[in-house]
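Below is one structure, written out as structure tokens; comments come after it.
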Amino acid sequence: MTQETAEHVGVLLRDARGEKGWTQGQLAAELGTSQSAIARMEQGKQNLSLKMIQRLETIVGRTIVKVGRPAMTHLRVEGGRTLSGSVDVNTSKNAGVALLCASLINRGTTTLRRLARIEEVNRIVEVLTSIGVECTCSTPTICRSAARPSWTLMPWTWRQPAGPAA
Numbered sequence: 052m053t054q055e056t057a058e059h060v061g062v063l064l065r066d067a068r069g070e071k072g073w074t075q076g077q078l079a080a081e082l083g084t085s086q087s088a089i090a091r092m093e094q095g096k097q098n099l100s101l102k103m104i105q106r107l108e109t110i111v112g113r114t115i116v117k118v119g120r121p122a123m124t125h126l127r128v129e130g131g132r133t134l135s136g137s138v139d140v141n142t143s144k145n146a147g148v149a150l151l152c153a154s155l156i157n158r159g160t161t162t163l164r165r166l167a168r169i170e171e172v173n174r175i176v177e178v179l180t181s182i183g184v185e186c187t188c189s190t191p192t193i194c195r196s197a198a199r200p201s202w203t204l205m206p207w208t209w210r211q212p213a214g215p216a217a
């Protein structure tokens, strides 16, 4: 989220809270967070997860952030070669996020093993799930041991919008 977007969200949140006649403390109690976190949100200085944005939208009764574009973008990738096999990479945060994003170009099932369970990975998984990718984790709890979970991403397809009737 850019700083400008965060500040815009803060203004929307402050206006919605004002319309309900709530204090920051009352909104914090509804969300299960602190008053200082609400103050940071309203100033655009608090990172918001998708889950927090959903909770905010439910409580204040209005859309805060619209994700995606309103119309379908028509893209077609041509050329290239069919790839299969496995790739050994390090298990850093950036490598995990990059592999999750790269899995979008794979038509088959992608299994990522020993992927770090960190907030950035969870956010990418939320985004992938929101666009129709089925993501399942072999270990649903946060792993604190040396054995890391594996993620399985099932294939997905874009739905083309219906063309104009001829």
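52 is the number of the first residue of the sequence shown in the numbering used here; add one for each residue after it.
All C-beta atoms in this analysis are idealised placements derived from N, C-alpha and C, irrespective of residue type, glycine included.
Exercise. Might you give, ordered along the chain, the residues of its own chain that have their beta carbon closer than 7 Å to the beta carbon of E171, omitting 5 neighbours on each side?
Key: K144, V148
Exercise. Quick one: grab the DSSP three-state call for T161.
Key: strand
Self-check item: Proximity of Q75 and Q86 at Cβ, strictly below 7 Å
Solution: yes
Exercise. Sort G136, L179, M92 by Cα distance to E55 and report the nearest one.
Key: M92
Practice problem: Inspect the beta-carbon positions of A79 and I89 and report whether they are closer than 7 Å. | Solution: Result yes, Cβ atoms of A79 and I89 sit closer than 7 Å.
Practice problem: Would you mind reading off the limits of the alpha helix (DSSP H) that contains K71? | Solution: 54-71
Self-check item: Nearest residue (CA-CA) to Q105, options Q97, N98, K96, I115
Solution: I115
Quiz item: Secondary structure at T74, three-state DSSP: helix, strand or coil?
Solution: coil
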